[in-house]
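Asks: For the sequence shown, numbering that gives the first Met the number 0 gives the first residue as 0, with consecutive numbering after it.
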Amino acid sequence: MAKKLYIETVGCQMNVLDSELVVGSLRRHGYQLIHDPMEADVILFNTCSVRQHAEDKIYSALGKLRGHKQRHPSKIVGVLGCMAQKDQELVRRRAPHVDIVCGTGQLARLHELIEEVERTGKPQLALSLDRKGASRPEVERSFESYDPLRDPSMRPSRFQAYVRIMIGCDKFCTYCIVPQVRGPEQSRHPEQIAAEVRQLADEGCKEVTLLGQTVNSYKYDLGDGRRCHLSDLLARIYDTAGVERIKFITNFPRDMSDDLLDAVRELPKVSPYLHVPAQSGCNDVLKRMKRVYTVEYYREMLARCRERVPGVSVSSDFIVGFCGETEESFQRTCDLVASAGFKNSYIFKYSPRPGTKGDELFADDISEEVKKRRNNDLLAIQNKVSLADHQKRVGETVEVLVEGPSKTALKQHQASGPIQLTGRTPTDHIVVFEGNERLAGRTVQVAIEEATAFTLFGTVVTRESIGVAMPRGPVPEPPHERTSGETHRISLPLLMA
Ligand code: SAM
Ligand code: SF4
0 MAKKLYIETV
10 GCQMNVLDSE
20 LVVGSLRRHG
30 YQLIHDPMEA
40 DVILFNTCSV
50 RQHAEDKIYS
60 ALGKLRGHKQ
70 RHPSKIVGVL
80 GCMAQKDQEL
90 VRRRAPHVDI
100 VCGTGQLARL
110 HELIEEVERT
120 GKPQLALSLD
130 RKGASRPEVE
140 RSFESYDPLR
150 DPSMRPSRFQ
160 AYVRIMIGCD
170 KFCTYCIVPQ
180 VRGPEQSRHP
190 EQIAAEVRQL
200 ADEGCKEVTL
210 LGQTVNSYKY
220 DLGDGRRCHL
230 SDLLARIYDT
240 AGVERIKFIT
250 NFPRDMSDDL
260 LDAVRELPKV
270 SPYLHVPAQS
280 GCNDVLKRMK
290 RVYTVEYYRE
300 MLARCRERVP
310 GVSVSSDFIV
320 GFCGETEESF
330 QRTCDLVASA
340 GFKNSYIFKY
350 SPRPGTKGDE
360 LFADDISEEV
370 KKRRNNDLLA
380 IQNKVSLADH
390 QKRVGETVEV
400 LVEGPSKTAL
410 KQHQASGPIQ
420 LTGRTPTDHI
430 VVFEGNERLA
440 GRTVQVAIEE
450 ATAFTLFGTV
460 VTRESIGVAM
470 PRGPVPEPPH
480 ERTSGETHRI
490 SLPLLMA
């Protein structure tokens, strides 16, 4: 009988992709994915350590499993990913019923670790080397890029897929734990990436999103003196038959080169959408964050993006309440958000991360109350800007790649007839409209009639139009793509309860 597997995922797109690959690989070993943790033989948590809140969720979910594991000692509980790499033995000290602790760079060993627990009954730890504890080549080798064969049935949507083009990060922003838990920056060979994109396209995938912590820093030395940059990679995969859209996230402001912007402009399948986190609008704060640019540089970069890629949409991330952020510093961030015209911004309250320079050097001196207030204030400014950005599109007809039923439609479980669908424009704007579910995966033209800060509403104007007026029901929370620290799709009761 097939063994049953249950997995919950917290964190960014990299984690969503890792979970997809873990599930695909365990299925090849005969596992069946189920949605009830209590019925599973193997219960996995793919974790995030970017903010404390994400870690707290995991420890709380593990706590809920303690009694279950005592009653069923043969069941295997595993903690994977960033928190596993960061906390190492601490995971087992806090949750002794955990059988497997497996870091981001060791996921290829997961099946072997499960077998080892089954055979010996002993806990298994698989971790990469500490960045300070060995030479760079040794540390690099210990963070293996995890790119096994894809399993199409495991993707959130048949038409969309993430493709990892690099792992790790070498920027060492002082607040961020990613360079420690995901290791040194290492780019994948362009031919390996091209082969993966081809395979995905052959399986019906129409949109690929290239992933990297600083995706525009991608560089691969081809060994003959030539170097492949992201612009070259885009050109390399551009002609893949079947692929209609190519996106890439996340960009680092200093690495936004003109050749990349020119590639985005010249290659129509590449989405004119750039996620380029600014983090703060105050030079003192940026300096303490070690972001290696000033706000003037960021504004100039933004102007360059808009000049070289007409119509481009840009989104950002901000951290509020970073060490030493005065009201005046915060005001500068508000000014940047009010004037930069971001499509949307993800705003986070600073969470000190042990193991980072920020935690070592600076006191976390902004109270939770102030962080919360600044978060809300900045969000309110961004929402106004987003609304203006969305309203500009009312009256336009936009191209939408249909993703499927909206969250509202999924809740309604309608048996037949037109339902509320959702999709995105090439500029990453979310569009909600009415149509038949069979439109999923198709590209349609939608006339935009209304807008909120998060969503455009319209009517399909292509032949597939079914001409039904759409009730403007409330659309729940914005289904934005960037969700660091949130719980993801293959995730159910334990983290949510
Ligand atoms: N590599 C990407 C980048 O440079 O933007 C994303 C890294 S991180 C997973 C995503 C976002 O989380 C960052 O852009 C930053 O805004 C936020 N973040 C990272 N560390 C944080 C911390 N210690 N506290 C609060 N937010 C944090
Ligand atoms: Fe973290 Fe900075 Fe690297 Fe992004 S660029 S992953 S924020 S260290």
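Using N, Cα and C, we set each Cβ at its ideal position, and we do this for glycine too.
Owing to the predicted nature of the structure, the values given are computational and were not obtained by experimental measurement.
1) Using the Cβ count rule (16 or more neighbours within 10 Å means buried), how would you classify residue 85?
2) Considering only residues of the same chain and omitting the five flanking positions on each side of residue 277, which have a CB-CB separation below 6 Å?
3) So, using beta-carbon positions, are residue 444 and residue 396 closer together than 7 Å?
4) Using only the alpha-carbon positions, how far apart do residue 225 and residue 139 sit?
5) Taking residue 54 as the reference, which of 167, 251 and 78 has the closest Cα?
6) What are the start and end residues of the beta strand (DSSP E) that includes residue 533?
7) Name the one or two DSSP bridge partners that residue 176 has.
8) On the three-state DSSP scale, how would you describe residue 8?
9) What residues come near ligand 2, if near means a beta carbon less than 6 Å from any of its heavy atoms?
10) Given a threshold of 16 other Cβ atoms within 10 Å of its Cβ, counted over all protein chains shown, does residue 394 qualify as buried or as exposed?
11) Taking 6 Å as the cut-off, does the CB of residue 284 come closer than this to any heavy atom belonging to ligand 1?
12) Could you give the first and the last residue of the continuous beta strand (DSSP E) run that contains residue 446?
13) Considering just the uninterrupted stretch of the beta strand (DSSP E) at residue 343, what are its terminal residues?
14) Take the Cβ of residue 476 as the centre, count every other Cβ of all protein chains shown within 10 Å, and call the residue buried at 16 or more, exposed below.
15) Could you tell me the distance, in whole angstroms, from the CA atom of residue 11 to the CA atom of residue 218?
16) Shortest alpha-carbon distance to residue 45 belongs to which of 19, 62 and 38?
17) Kindly examine ligand 1 and report whether one of its heavy atoms sits closer than 6 Å to the Cβ of residue 350.
18) According to DSSP, what are the bridge partners of residue 185?
19) Around the Cβ of residue 370, are there at least 16 other Cβ atoms within 10 angstroms (buried) or fewer (exposed)?
20) Which residue wins for smallest C-alpha separation from residue 241, given the options 229, 253, 207 and 262?
21) Is residue 200 closer than 7 Å to residue 233 when the C-beta atoms are compared?
22) Determine whether the beta carbon atoms of residue 245 and residue 269 lie at a separation below 7 Å.
23) Identify every residue that forms a DSSP beta bridge with residue 220.
24) In its own chain, which residues sit with a C-beta less than 7 Å from the C-beta of residue 156, not counting the 5 before and 5 after it?
25) Using a threshold of 6 Å, is the CB atom of residue 358 nearer than that to any non-hydrogen atom of ligand 1?
26) Could you give the distance in angstroms between the alpha-carbon of residue 125 and the alpha-carbon of residue 100?
27) Check whether the Cβ atoms of residue 259 and residue 229 sit closer than 7 Å, and answer yes or no.
28) May I have the straight-line CA-CA distance separating residue 47 from residue 82, to the nearest angstrom?
29) Whole angstroms is fine: what's the gap from residue 57's alpha carbon to residue 6's?
30) Name the residue from 197, 41 and 173 whose alpha carbon lies nearest to the alpha carbon of residue 151.
31) State the DSSP-derived secondary structure class of residue 439, mapped to helix, strand or coil.
32) Three-state secondary structure (DSSP) at residue 489?
33) Quick test of your reading: residue 243 and residue 400, contact by CB under 8 Å. State the CB separation rounded to the nearest angstrom.
34) Would you grab the beta carbon distance between residue 380 and residue 333 for me? Rounded to a whole angstrom, and I think it's under 8 Å.
35) At a threshold of 6 Å, does residue 347 count as lining ligand 1 (C-beta to nearest heavy atom)?
36) Is residue 318 a contact residue of ligand 1, with contact defined as CB to any heavy atom under 6 Å?
Replies: Concretely, from the data shown:
1) Mapped onto the sequence shown, residue 85 falls at position 86. Buried, since its Cβ has 16 or more Cβ neighbours within 10 Å.
2) Taking the first residue of the sequence shown as position 1, residue 277 is located at position 278. Closer than 6 Å at the Cβ level, and outside the excluded window around residue 277, lie 297 and 315.
3) Position 445 of the sequence shown holds residue 444. Position 397 of the sequence shown holds residue 396. Yes; because the gap between Cβ atoms is below 7 Å, this pair is in contact.
4) Residue 225 sits at position 226 when you count from the first residue of the sequence shown. Residue 139 sits at position 140 when you count from the first residue of the sequence shown. Answer to the nearest angstrom: the Cα atoms are 22 Å apart.
5) One-based indexing of the sequence shown puts residue 54 at position 55. Of the candidates 167, 251 and 78, the one whose C-alpha sits nearest the C-alpha of residue 54 is 78.
6) Here the chain has residues from 0 to 496 only, and residue 533 is not among them.
7) Looking up residue 176 in the sequence shown gives position 177. According to DSSP, residue 176 bridges with nothing at all.
8) On the sequence shown, residue 8 is found 9 positions in, with the first residue counted as 1. Here residue 8 sits in strand by DSSP.
9) 168, 170, 171, 172, 175, 177, 178, 212, 213 and 251
10) Position 395 of the sequence shown, counting from 1, holds the residue named residue 394. By the neighbour-count rule (16 or more Cβ atoms within 10 Å), residue 394 is not buried but exposed.
11) Numbered from 1 along the sequence shown, position 285 holds the residue referred to as residue 284. Every heavy atom of ligand 1 is 6 Å or more from the Cβ of residue 284, so no.
12) Numbered from its first residue, the sequence shown carries residue 446 at position 447. From DSSP, the beta strand (DSSP E) with residue 446 extends over 442 to 450.
13) The sequence position of residue 343 within the sequence shown is 344, counting from 1. Premise fails: residue 343 is in no beta strand (DSSP E) and is neither H nor E.
14) By one-based count along the sequence shown, residue 476 stands at place 477. At residue 476 the pLDDT is 38, less than 50, meaning the model places this residue with poor confidence; the figure from the coordinates comes in the next sentence. When all chains shown are included, residue 476 counts as exposed.
15) Here residue 11 is taken as the residue at index 12 of the sequence shown, counted from 1. Here residue 218 is taken as the residue at index 219 of the sequence shown, counted from 1. So the two alpha carbons sit approximately 22 Å from each other.
16) Start at 1 with the first residue of the sequence shown, and residue 45 comes out as number 46. Among 19, 62 and 38, the Cα nearest to that of residue 45 is on 19.
17) Residue mapping note: residue 350 aligns to position 351 of the sequence shown, counting from 1. Result yes, Cβ under 6 Å from ligand 1.
18) Numbered from its first residue, the sequence shown carries residue 185 at position 186. BP columns for residue 185 point to 166.
19) Position 371 of the sequence shown, counted from the start, is the residue given in the question as residue 370. Per the 10 Å Cβ criterion, buried.
20) Start at 1 with the first residue of the sequence shown, and residue 241 comes out as number 242. Among 229, 253, 207 and 262, the Cα nearest to that of residue 241 is on 207.
21) Taking the first residue of the sequence shown as position 1, residue 233 is located at position 234. Taking the first residue of the sequence shown as position 1, residue 200 is located at position 201. The answer is no: Cβ separation not under 7 Å.
22) As a first step, residue 245 must be located in the sequence shown, where it is residue number 246. As a first step, residue 269 must be located in the sequence shown, where it is residue number 270. Against a cut-off of 7 Å, the Cβ pair of residue 269 and residue 245 comes out as a contact.
23) Sequence index remark: in the sequence shown, residue 220 carries index 221 (1-based). Note: residue 220 sits in a beta bridge opposite 226.
24) Indexing the sequence shown from 1 puts residue 156 at position 157. So the qualifying residues of the chain are 402 and 403.
25) Numbered from 1 along the sequence shown, position 359 holds the residue referred to as residue 358. Every heavy atom of ligand 1 is 6 Å or more from the Cβ of residue 358, so no.
26) One-based indexing of the sequence shown puts residue 125 at position 126. One-based indexing of the sequence shown puts residue 100 at position 101. Answer to the nearest angstrom: the Cα atoms are 6 Å apart.
27) Within the sequence shown, the letter at position 260 stands for residue 259. Within the sequence shown, the letter at position 230 stands for residue 229. Yes.
28) One-based indexing of the sequence shown puts residue 47 at position 48. One-based indexing of the sequence shown puts residue 82 at position 83. Those two C-alpha atoms are separated by around 6 Å.
29) In the sequence shown, counting from the first residue as 1, residue 57 sits at position 58. In the sequence shown, counting from the first residue as 1, residue 6 sits at position 7. When rounded, the distance between both Cα atoms is 12 Å.
30) Your numbering for residue 151 matches position 152 in the sequence shown. The shortest Cα separation from residue 151 among 197, 41 and 173 belongs to 197.
31) For this step, residue 439 is matched to residue 440 along the sequence shown. Residue 439 falls in the coil class under three-state DSSP.
32) Locating residue 489 in the sequence shown gives position 490, where the first residue counts as 1. Because residue 489 sits at a pLDDT of 41, beneath the cut-off of 50, its placement in the model cannot be relied upon, and the point is left open.
33) Taking the sequence shown and counting its residues from 1, one reaches residue 243 at position 244. Taking the sequence shown and counting its residues from 1, one reaches residue 400 at position 401. With 8 Å as the limit, residue 243 and residue 400 qualify as a contact, their Cβ atoms being about 7 Å apart.
34) Residue 380 sits at position 381 when you count from the first residue of the sequence shown. Residue 333 sits at position 334 when you count from the first residue of the sequence shown. Indeed, because the Cβ distance is near 6 Å, the residues count as touching under 8 Å.
35) Here residue 347 refers to the residue found at position 348 when the sequence shown is read from its first residue. Result yes, Cβ under 6 Å from ligand 1.
36) In the sequence shown, counting from the first residue as 1, residue 318 sits at position 319. True, at least one ligand heavy atom lies under 6 Å from that Cβ.
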